[in-house]
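Quick note on numbering: the numbering used here labels position 233 of the sequence shown as 241, and the sequence is numbered without any gaps. Where is the CB? At the ideal position from N, CA and C, for every residue including glycine. Structure first, then comments.
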Amino acid sequence: MPTPRTARALLVGVVVPALLLLASCAGDDPPLDTTPTPRPSPPADASGGAAGDPSGDASEAAAGTYVALGDSFVAAPLVPDTDPDDGCQRSDGNYPHLVAAEAGYELVDVSCIAASSTSMVGAQVSGETQSLPQFDALDADVDLVTVTIGGNDFGLFSQLLVACLQAGQGDQRGASCQQAQAGNGDRPLEQAAKIRARVEAVTRGIRDRAPNARVVVANYPQLLPDRGSCPDLVPIAARDYPYVVRVNKALSDAVRLGGRAGGAEVVDVFKASKGHDICADEPWVNGIQTDPERALALHPFAEGQRAVADLVLAAIS
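Structure, rendered in structure tokens:
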């Protein structure tokens, strides 16, 4: 049986490559330009609905058309069922599906794992799948748009967690990725501040392309507790927990404030998730070990998606 340190090393050896993959998909992105350009309407499928719309004719939906944009905290891989051939790893139990089913919308879900703000206007490659820009799903006939984006910009969270997980392989009471980041100008906090402008630009881009839609921005949940730690679930140095929470809050504040500045309605998932961090008795986000029946490592559980859906439903009711 491996020692605790060996077990942690094996675990990080599995998770770090996945995080590095996300970081490579969303590195130092170029400046975001959301200026609308002439484009054709989304291609129709055989039933007459928009591409990516599994339900067919949008005219049958009482509430109208709903487009879901965003990254893996929208796609929610493995919650509970994800088509293995779907390069974007969208779940049929993510919060857009729950909102659409309960509010009567025809859903077009173009969220995608590893998406960044630039994925709104540029093609995104996920594994062997190349996805069209997410904004291609928008037009004047859209009635509701939701978006969660920003966490992959600059590779912010994946790179931070890689650094903290690697530091945590040493003496957990002494190792610190915070010290390493501080020696580099504390880039995660600087990048979080820049994401506010990107989210504002994304929100304005949505409103330009879907002028009749109600736009709702959802930020990110709190991943780690304000006090305490759970090294079995997140094996980083105990002294780094408050730092990760600080960056997590800075990112979520940037998304919230950017969405509001862009004229969207905002649901504050970070605030609502307090007490539901990874270490909590009722977590909304998985720890470092992927559970094929519930959630990808460090990604939302069904409980978290249910909570976000409830926040969005309350906002649009």
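Practice task
Identify whether alanine 221 lies in helix, strand or coil by the three-state DSSP scheme.
Solution key: coil
Exercise for the section: State the Cα-Cα distance for the pair glycine 270 and proline 85, rounded to the nearest angstrom. Expected result: 28 Å
Handout entry: Status (buried if at least 16 other CB within 10 Å, exposed otherwise) for glutamine 230
Key = buried
Problem - Contacts around serine 325, its chain only, beta-carbon distance under 6 Å, and the 5 residues preceding and following it disregarded - result: none
Practice task
Mark glutamine 138 as exposed unless 16 or more other C-beta atoms lie within 10 angstroms of its C-beta, in which case mark it buried.
Solution key: exposed
Exercise for the section: For the beta strand (DSSP E) containing serine 139, list its first residue and its last residue. Expected result: 137-139
Handout entry: Same chain, Cβ closer than 8 Å to alanine 188, five either side skipped, listed in chain order
Key = Ala171 and Ala175
Exercise for the section: Provide the residue(s) that pair with threonine 90 in DSSP beta bridges, ordered along the chain. Expected result: Ser99
Practice task
Count the other CB atoms, across all protein chains shown, that sit within 10 Å of the CB of arginine 235; report buried if there are 16 or more and exposed otherwise.
Solution key: exposed
Practice task
Quick one: residues in its chain with C-beta nearer than 7 Å to the C-beta of alanine 322, no 5 flanking neighbours on either side, listed in chain order?
Solution key: none
Problem - Beta carbon of valine 75 nearer than 8 Å to that of valine 116 - result: yes
Exercise for the section: Let me know the secondary structure DSSP gives glycine 159 once reduced to three states. Expected result: coil
Exercise for the section: Give the straight-line distance between the Cα atoms of cysteine 120 and serine 80, rounded to the nearest whole angstrom. Expected result: 6 Å
Handout entry: For glutamate 311, the three-state DSSP class (helix, strand or coil)
Key = helix
Handout entry: Contacts around alanine 262, its chain only, beta-carbon distance under 7 Å, and the 5 residues preceding and following it disregarded
Key = Gly158, Ala200, Ala201, Ile203, Arg204 and Val207
Practice task
Pick out whichever of Ala145, Leu306, Asp91 and Ala111 has its Cα sitting closest to the Cα of glycine 78.
Solution key: Ala145
Exercise for the section: Could you name the residues of the same chain whose beta carbon sits closer than 6 Å to that of valine 150, not counting the 5 residues immediately before and after it, in chain order? Expected result: Thr73, Val75, Ala218 and Ala221
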